[in-house]
Amino acid sequence: MFCYPVFFGANEMKIVSIKENHLFQKAYASGKRASGRLVAVYALQDRCANRERKRNPEKKFINRVGLTVSKKIGGAVVRSRVRRIFRTAYRALMPDLKTGYLLVLVARAPAAEAKSTEALRELRYLFKKLELLAAAPEAHNQQKEHQDQE
RNA sequence: CCGCUUUGCUGAACGGUCGCGCGAAAGGAUGCCGAAAGGUGCUUUCGUGAGGAAAGUCCGGGCUUCACAGGGCAAGGUAGCUGAUAACGUCAGCCGCGGGUAACCGCCGGGAAAGUGCAACAGAAAUAAACCGCCGCAAGGUAAGGAUGGAAAGGCGAGGUAAGAGCUCACCCACUCAUAUGGUAACAUAUGUUUGCUGUAAACCCUACCCGAAGCAACACCGUAUGGAGACAGUUUGCCCGACGCAUGUCUUCAGGUGGCACGGCGCAAGCCGGAGCCUGCCGGCGACGGCAGGCAAAGAUAGAUGACCGUUCACGACAGAACCCGGCUUAUAGGCAAAACGGUAAA
RNA sequence: GCCGGUGUGUCGGAAUGGCAGACGAGAUAGACUCAAAAUCUAUUAUCCGCAAGGGUGUGUGGGUUCAAGUCCCACCACCGGCA
20 MFCYPVFFGA NEMKIVSIKE NHLFQKAYAS GKRASGRLVA VYALQDRCAN
70 RERKRNPEKK FINRVGLTVS KKIGGAVVRS RVRRIFRTAY RALMPDLKTG
120 YLLVLVARAP AAEAKSTEAL RELRYLFKKL ELLAAAPEAH NQQKEHQDQE
């Protein structure tokens, strides 16, 4: 029954993205907010988590993520760069996160100049602030067990 | 060698680790939907994956839908000539004007002698002979002179006259028409001749030519399902003879659904990348370009794929990201390379 | 992606091609008042200058014109629409 952690390494997890505008609106309106210099994070308990869990192939809770980079930040090249940097930073942090949340990342103006290491550091700090980080690897495993029981 | 002008090309390279889109092949203790076929996912490997401007959306096409017998008007566009082209407001060559010692560069470059409008201020007067002045007894004549202005009824000299005036003459300038020569033509040169005319057409306009409209968020095809929920108010207002009903107002709630609107909406697939394509050679042409032959071809997403980190090298990396597809124009751009032409200096 | 619109003092908003900033709001100063409000008067784009005056100014850069906020071309910024 413990085949999943072996079968799916942390890096094989796909990012599930938010596409619908209403989910963004809900996150802005009622989500918990933490903002740094480069990025602001909105987090909301995902009430559709159960359904999403059923839908995805591995039958486990996931986070859905929306990444917003406005036109104010720069031209198309700059915006693409910012998006990629935050996507990789999120991917690196993903295994340590609690699941079943709706996350929206909003890039702020200084992000145009940011390096990827800075982005990673800030994102980790903000997730910690929102208490989204599963504290230790053991906890991470416990959560998985919990999921498997269900 | 230095300076300058023009044109063309290029737009860092290599390796490692992790990661993404698309395509192909293979795989399984294989998820979900399905009766099945299959669809959608997962894993591995291989291949492949932004620009010269992808940009601005300023022109021109293709393509799509709607409209359409034919013709005309209106509206809009273009504006030296000849050519190139699918087409163009683009490009090439030439003509004219202007600038530069030159190579070369710039020009919305038709018509003001068809008509209308406008020309502030200044000035006597602004397209026209009213005023001062000059001459004359007067009637009247006159456009020499009158501090302006962007522009003032060709210029200068002589004759002439009451005073004057292209009124006459010589020379010069501008311009119309005609003829001759050269050129396909724009036009150039020469001769003769008419006239002496303000500017403005990026004011109306005239002339010649071109033009149906909208755009992939256009649109085509296939199949399926549904009519947010609750509470209160209420026929006061609109539709209606009236009733039913619909629209309507207020509040709550939605992470049950939708998510811009909506008597219309949603899903899947297509449009979706082989095209007026690129490269090489030969031929024709001053050239834009055309013809023939051979070869090369894999971005194709749908919240939107090329990145991050490390190492090495160098010229130390600018502007910048495809979204139906082409041809141009315009704008942004660190540098690097090549060719041609001109000027200067030196040498021969 | 496509289509369309707008840029004028601090703000709103005028201006046949002819003295840029009418008009309104606001601000500042003065008068009135014990004080304030209201009212009245003046000033109010910017630079140089003691002053008289002069230069630059209609998003930016060119062009047409004697003359451009206005006409033409290119760019910049902002706003709106579409299924």
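Per my numbering, the first sequence starts with residue 20, numbered consecutively. All residues carry an ideal CB built from backbone N, CA and C; glycine is no exception.
First through last residue of the alpha helix (DSSP H) which encompasses residue i
i: residue 148; result: 135-148
i: residue 98; result: 95-112
Local conformation of residue i per DSSP, three classes
i: residue 91; result: helix
Opening and closing residue of the beta strand (DSSP E) in which residue i lies
i: residue 117; result: From DSSP, residue 117 is part of no beta strand (DSSP E); its letter is neither H nor E.
i: residue 53; result: 51-54
Straight-line Cα distance separating residue j from residue i
i: residue 88; j: residue 135; result: 16 Å
i: residue 85; j: residue 121; result: 8 Å
i: residue 91; j: residue 56; result: 15 Å
i: residue 147; j: residue 93; result: 29 Å
i: residue 117; j: residue 98; result: 28 Å
Residue i, buried or exposed, once every other Cβ within 10 Å from all chains shown has been counted against 16
i: residue 109; result: buried
i: residue 132; result: exposed
i: residue 150; result: exposed
i: residue 95; result: exposed
i: residue 75; result: Caution is warranted here: a pLDDT of 44 is assigned to residue 75, below 50, making its placement in the model unreliable, and the coordinate value is therefore given only provisionally. With fewer than 16 Cβ atoms within 10 Å of its Cβ, residue 75 is classed as exposed.
Pair within 8 Å by beta-carbon distance, residue i and residue j
i: residue 105; j: residue 60; result: no
i: residue 111; j: residue 152; result: no
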